[in-house]
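Residue numbers (this note's numbering), protein chains in the order written: chain V, 1 to 435; chain L, 436 to 678.
For each residue, glycine too, the CB sits at the ideal point set by N, CA and C.
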Amino acid sequence: MPKPLLNLILKEVKELMRDPKILVGTVLMPLIMFGVLGSVFSASISSTEEAVKNLSLIVVDEDGGIVSSSFKSFLQSNPRFEVKTHYIPSFDEAVGSLPKLNASAIFLLPKGLSDNITKGIPGQVKMYVAFSSLSIVEQSKASMLQSMLEAYNKALSLQIISSELPSSNPLFVSNPIAGKYYTYFKGNVADIPPQLVASTVSTQMMMMPIVIMIMLMTTMTMAATAVAIEKEAKTLETLLTLPVNRLTILVGKLSGSLFVALLGTVAYMIGFNYYMNSLLGGFTGDQQTLDLSSLGITITPTGYVLLGIVFFVSIVATLALAVSFSVFSEDVRSAQNSISYIYIIIIVTLLLSMFIDVNTLSLPAQIALYAIPFTHTVNASREILIGNYYSVLFNILYLVVFTLVVLYIAAKLFTTEKVFTAKFTLKRRSTRKEL
Amino acid sequence: MNVAINIENLVKSFGTKKAVDGLSLQVMENEIFGLIGPNGAGKTTTLRIIATLLKPTSGKVRIFGHDVVTEPEKVRELISYLPEESGAYNNLSGMEYLRFMASFYSNKNDQIDSIVKEGTEISGLEDRLKDKVKTYSKGMKRRLLVARALMIRPKLAILDEPTSGLDVYYAHYVRDIVKDYAERRGVTVLLSSHNMLEVQYMCTKVALINNGRIVEQGDPKNLMEKYSSSNLEDVFIKVSRFA
Chain V
1 MPKPLLNLIL KEVKELMRDP KILVGTVLMP LIMFGVLGSV FSASISSTEE AVKNLSLIVV
61 DEDGGIVSSS FKSFLQSNPR FEVKTHYIPS FDEAVGSLPK LNASAIFLLP KGLSDNITKG
121 IPGQVKMYVA FSSLSIVEQS KASMLQSMLE AYNKALSLQI ISSELPSSNP LFVSNPIAGK
181 YYTYFKGNVA DIPPQLVAST VSTQMMMMPI VIMIMLMTTM TMAATAVAIE KEAKTLETLL
241 TLPVNRLTIL VGKLSGSLFV ALLGTVAYMI GFNYYMNSLL GGFTGDQQTL DLSSLGITIT
301 PTGYVLLGIV FFVSIVATLA LAVSFSVFSE DVRSAQNSIS YIYIIIIVTL LLSMFIDVNT
361 LSLPAQIALY AIPFTHTVNA SREILIGNYY SVLFNILYLV VFTLVVLYIA AKLFTTEKVF
421 TAKFTLKRRS TRKEL
Chain L
436 MNVAINIENL VKSFGTKKAV DGLSLQVMEN EIFGLIGPNG AGKTTTLRII ATLLKPTSGK
496 VRIFGHDVVT EPEKVRELIS YLPEESGAYN NLSGMEYLRF MASFYSNKND QIDSIVKEGT
556 EISGLEDRLK DKVKTYSKGM KRRLLVARAL MIRPKLAILD EPTSGLDVYY AHYVRDIVKD
616 YAERRGVTVL LSSHNMLEVQ YMCTKVALIN NGRIVEQGDP KNLMEKYSSS NLEDVFIKVS
676 RFA
């Protein structure tokens, strides 16, 4: 590497890494932010588990028959929870006692429940779930109580079958067909329920664009700031009169920003991974570690190499784009304003690709979306997952061509006097008079 | 004596406004040449063209025979430019800044060390060079920047308002160091200032610039005699009234 370029890169990295705003904002913040979020989430899940273990319930038994008696026994004998049951004679009184007893629900067993069921008429148990807040703990409690009632329903059904059809197998009668689910994907069949495949893939599909979005935006801010800060600190004029090729200065700036941006991306990925593990570990359990390779949905070593190339080319394209914009900015703030337009494009592109299949859109819409380089980044990261490498190579080719065009424009701008006479405004571009 | 700067009929327009309007000038090697005039006269634009930052709209500018438009790289090897509003990298120490700048002028470590040593002496900042630039006062920063501009022993130092914004003590220090260094090392200096007394003290030759044109030039002493004035400020007032 030529010495002037090495000097410029080293200077750039030193400047960026010693800037507390960049160090904290780019490297430490993602670790702290996702770390805290993940810990909060884990704590929330633990407290949910703890809260649903100890349930306080009110039973208003207007029926007083055998079914209500068996329901009460069922509540008491549930091995998964510590249930404290309060028996209150009237519903109104039960509602009044809810806050005092800190109860999660009222089960109203109406008069005639046992009679109806004995006569073969469906009965009704009314369940009033009390939300003390709108937290996750309360939401989990609600679904827990619902499944508790469903479990009793199932147990009662088996009991009725065995008494009505003593010679039959109650389990068979209640469930004569057991569904066995498989998934077929691109010529591969796997012994995995489609719902599980869908939920696992959708998690990955959601994670990837978010990580890409964060990575590209971090990179862009860094590069735009790197040139603008030279203008703001009044160091650019001196730099441009040094006996060094201006393209070398541009490449030095890009490389320095690239290094710090990659560092930031790694921090984001570590933090995000921790957060997602906390999130998925709490809610989906085994689903997160579900192996979809039998369906061909996996990243092979070749896939990882391609993914690295896609990320790298995308970052360089973004850097070049940011530098081109920042050439017209007179200070850091206007540089950040000018690239906010690209942020919007990134966010819209990624949201679109998260929720819709681009290939199902009309041809003009597809052309418009595929003209945006970030569409190729997201598309490639998905195609890699299913091993569609030809499509990935096309995405990489597009990104490379786009990068070269943008770099050419950036280099052209950087070698002209526009680099410090031009000014970007929200309304128009104009040549600034420097007298 | 060689011609260091040769400017012929230089014009620079920004849109419809002419910042420099047919300026011609010659600066000889080893001269300390002062370009003086009020704000907006076209001094900075002229210096930026000489420093290869701006391209002339028309006219020719040659530095030691090299054209600033067709041979900007050659010109940049010969010059050192100190802009009026100039900064250093806040997160580097003064020493790191000097070393970073020196590294563009040599690939050999011992030569870089020697350039940095020279810069250290010129700046007079001593131990403070170990501190980050962001802790420096305005005067200290300017001393560092002047040291940066001179330490590489350029053939031509272009100094735009070298004492701009400095108090009397720092301004005096900078003036002395530029004058002394240029004389000792045989560096040609082109400086601009709207402080005509400063130029009178430092320069061997001056040009008075107004509305983008040279309105008078010569030895400060001769000019004062010619216009029966006790200082260059009076000369400028008389010349601009006459113009």
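Check, Outcome
"Terminal residues of the continuous beta strand (DSSP E) containing isoleucine 339 of chain V?", "Segment 332–355 is the alpha helix (DSSP H) holding isoleucine 339 of chain V; no beta strand (DSSP E) there."
"Can we say the segment 537–556 of chain L touches the segment 29–49 of chain V, given the rule of at least three CB pairs closer than 8 Å?", "no"
"Ordered along the chain, which non-local residues of its own chain (more than five positions away) have a Cβ less than 8 Å from that of alanine 642 of chain L?", "Leu460, Phe468, Gly469, Leu470, Ile471, Ile649, Glu651, Gln652"
"Put serine 664 of chain L into one of helix, strand or coil per three-state DSSP.", "coil"
"Starting from valine 244 of chain V, trace the alpha helix (DSSP H) both ways and give me its first and last residue.", "From DSSP, valine 244 of chain V is part of no alpha helix (DSSP H); its letter is neither H nor E."
"Quick check: the Cα distance between threonine 17 of chain V and valine 568 of chain L, rounded to an integer number of angstroms?", "Looking at the sequence shown, residue 17 of chain V is not threonine but methionine. Spanning the two alpha carbons is a distance of roughly 15 Å."
"Quick check on DSSP: helix, strand or coil for tyrosine 524 of chain L?", "coil"
"Short of 8 Å in beta carbon distance, which residues of its chain neighbour phenylalanine 389 of chain V, apart from the five on each side in sequence? Order them along the chain.", "One detail in the question is off: residue 389 of chain V reads as tyrosine in this sequence, not phenylalanine. Hits under 8 Å: Thr302, Gly303, Leu306, Glu383."
"With 16 other CB atoms within 10 Å as the buried threshold, where does isoleucine 356 of chain V fall?", "exposed"
"Per DSSP, what kind of secondary structure is histidine 376 of chain V in: helix, strand or coil?", "helix"
"If you draw a straight line from the C-alpha of lysine 673 of chain L to the C-alpha of tyrosine 605 of chain L, how long is it?", "31 Å"
"From the beta carbon of glutamate 520 of chain L, is the nearest beta carbon of chain V less than 8 Å away?", "yes"
"Whole angstroms are fine: how far does the CA of glycine 179 of chain V sit from the CA of aspartate 61 of chain V?", "38 Å"
"Beta-carbon separation of valine 419 of chain V and leucine 413 of chain V under 8 Å?", "yes"
"Would you tell me roughly how many angstroms separate the C-alpha atoms of serine 430 of chain V and tyrosine 516 of chain L, rounded to the nearest one?", "The pLDDT assigned to serine 430 of chain V is 43, lower than 50, so where the model puts this residue is not dependable; a value taken from the coordinates is nonetheless given after this. Going from the Cα of serine 430 of chain V to the Cα of tyrosine 516 of chain L covers about 27 Å."
"Which value, in whole angstroms, describes the spacing of the CA atoms of isoleucine 22 of chain V and alanine 368 of chain V?", "34 Å"
"Which stretch, first to last residue, makes up the beta strand (DSSP E) that contains threonine 302 of chain V?", "That residue, threonine 302 of chain V, is in no beta strand (DSSP E); its alpha helix (DSSP H) goes 301–326."
"Given a limit of 8 Å on CB to CB distance, which residues of the segment 466–495 of chain L reach chain V?", "Gly475, Gly477, Thr479, Thr480, Arg483, Ala486, Thr487, Leu488, Leu489, Lys490"
"Please classify tyrosine 408 of chain V: is it buried, with 16 or more other beta-carbons within 10 angstroms of its beta-carbon, or exposed?", "exposed"
"Can you list the alpha helix (DSSP H) stretches of 4 or more residues lying completely in the segment 595–629 of chain L, in chain order?", "603–620"
"Residues in the same chain with beta-carbon distance under 7 Å from leucine 145 of chain V, minus the five sequence neighbours each way, listed in chain order, please.", "Ser104, Ala105, Met127, Val129"
"Determine which residues share a DSSP beta bridge with glycine 469 of chain L and list them.", "L/Leu626, L/Val641"
"Against chain V, does alanine 642 of chain L count as a neighbour if the rule is that its beta carbon must be under 8 Å from one of theirs?", "no"
"So what does lysine 100 of chain V bridge to, in DSSP terms?", "Answer is none; lysine 100 of chain V lacks a bridge partner."
"Helix, strand or coil: which one does DSSP assign to asparagine 273 of chain V?", "helix"
"Mind pulling the chain L residues with CB within less than 7 Å of valine 244 of chain V?", "Phe539"
"Say whether the segment 547–561 of chain L touches the segment 523–536 of chain L, bearing in mind that this needs 3 or more beta-carbon pairs closer than 8 Å, one atom from each stretch.", "yes"
"For the 8 Å Cβ check, are there 3 or more pairs between the segment 254–263 of chain V and the segment 212–231 of chain V?", "yes"
"Which residues of chain V have a Cβ atom closer than 8 Å to the Cβ of glutamate 508 of chain L, listed in chain order?", "Pro243, Asn245"
"For glutamine 124 of chain V, which three-state DSSP category applies?", "coil"
"Under the three-state reduction of DSSP, which class applies to lysine 453 of chain L: helix, strand or coil?", "strand"
"From threonine 183 of chain V to isoleucine 386 of chain V, what distance separates their C-alpha atoms?", "15 Å"
"Would valine 297 of chain V and methionine 213 of chain V qualify as a contact pair, given that the criterion is a beta-carbon distance under 8 Å?", "The amino acid at residue 297 of chain V is misidentified as valine; the sequence shows isoleucine. Taking 8 Å as the Cβ cut-off, isoleucine 297 of chain V and methionine 213 of chain V do not qualify as a contacting pair."
"Have a look at threonine 97 of chain V and tyrosine 87 of chain V and give me their C-alpha separation to the nearest angstrom.", "Checking the displayed sequence, the identity of residue 97 of chain V turns out to be serine instead of threonine. Distance between the alpha carbons of serine 97 of chain V and tyrosine 87 of chain V: 11 Å."
"Name, going along the chain, the residues of the segment 321–347 of chain V whose beta-carbon falls closer than 7 Å to a beta-carbon of chain L.", "none"
"Does any residue of chain V bring its CB to less than 8 Å from the CB of leucine 564 of chain L?", "no"
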